[in-house]
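Since the structure comes first, as structure tokens, the remarks are kept for the end.
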Amino acid sequence: MKELSVELKDELATVQMGNHLADVIKDGAIIYLHGDLGAGKTTFTRGVVQGLGHKGNVKSPTYTLVEPYELAGINAYHFDLYRLGDPEELEFMGIRDYFELNSLCLIEWPEKGAGVLPQADLDITLEYVDTGRKITFIANNDKGASILTLLKQK
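Note that my numbering numbers the sequence shown so that position 95 is 974, with each residue one more than the last.
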């Protein structure tokens, strides 16, 4: 499966979709999150991170660029590159160290890191539809396609 789109009626549905994705990601992935400000990228990420077992807040790392979550069996990293001035800044922070085999990297505003970030397994776009949202998943490789196949079965 290459693409999947789902209507999300509210914030709870967005969090639940993140929980579903967490259920099917077992060995990490690189995920790019696209969407306008307020479209639900951080809300979706909260669902993923909490679905992986994190208890507590999941805040947007707008000023710190990355928020790490060390969880049982997987390390999750939530990046928000909105305030990134230059992709080279990622090299100075040791960005490559985050992309280990068993890491889940959720990256908001990935276009700000173009040329430095590795290719995403999944591109996820959240967009406004009436009073809700639509989420679209696009697989960029076999790993992403496998994740989507499992997600569709949820």
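Glycine included, every Cβ here is placed at the ideal spot set by N, Cα and C.
Here the structure is a predicted model, which is why all the values come from computation and not from measurement.
Continuous beta strand (DSSP E) stretch holding Lys1033: start and end: Lys1033 -> no beta strand (DSSP E), and no H or E assigned at all.
Separation of Asn954 from Gly964, as counted between CA atoms: Taking the straight line joining both Cα atoms gives about 26 Å.
Supposed close pair Leu883, Phe978 - CB separation, criterion 8 Å: About 24 Å; that fails the 8 Å criterion.
Where Glu979 sits in the DSSP three-state scheme: Correct three-state label for Glu979: coil.
Thr924 and Leu985 closer than 8 Å at C-beta: The answer is yes: Cβ separation under 8 Å.
Own chain partners of Gly994 with C-beta closer than 6 Å, once the 5 adjacent residues on each side are dropped: Closer than 6 Å at the Cβ level, and outside the excluded window around Gly994, lie Pro966.
Closest by C-alpha distance to Thr921, when choosing among Ile904, Ala908, Val945: For Thr921, the closest alpha carbon among the candidates Ile904, Ala908, Val945 is that of Val945.
Chain C contact for Tyr1007 (CB, 8 Å cutoff): In summary, chain C is missing from the structure at hand, where a single protein chain is found.
Residue from Val927, Thr893, Lys888 whose Cα sits closest to the Cα of Leu900: Of the candidates Val927, Thr893, Lys888, the one whose C-alpha sits nearest the C-alpha of Leu900 is Val927.
Backbone CA spacing between Ser939 and Tyr961 [nearest angstrom]: C-alpha separation (whole angstroms): 10 Å.
Gly897 versus Ile1014 - alpha carbon distance: A straight-line Cα-Cα distance of about 11 Å links Gly897 and Ile1014.
Given Tyr942 as reference, the closest of Gly919, Asp959, Ala892, Trp988 once Cα atoms are compared: Nearest C-alpha to Tyr942: Asp959.
Close beta carbons around Ile904, own chain, < 7 Å, minus the five adjacent residues each side: Cβ within range, chain order: Leu983, Ile1026.
First through last residue of the alpha helix (DSSP H) which encompasses Glu967: Run containing Glu967: 967-971, per the alpha helix (DSSP H) assignment.
Buried versus exposed call for Tyr1007 [16 or more other C-beta atoms within 10 Å across all chains shown]: The residue is exposed, with fewer than 16 neighbouring Cβ atoms inside 10 Å.
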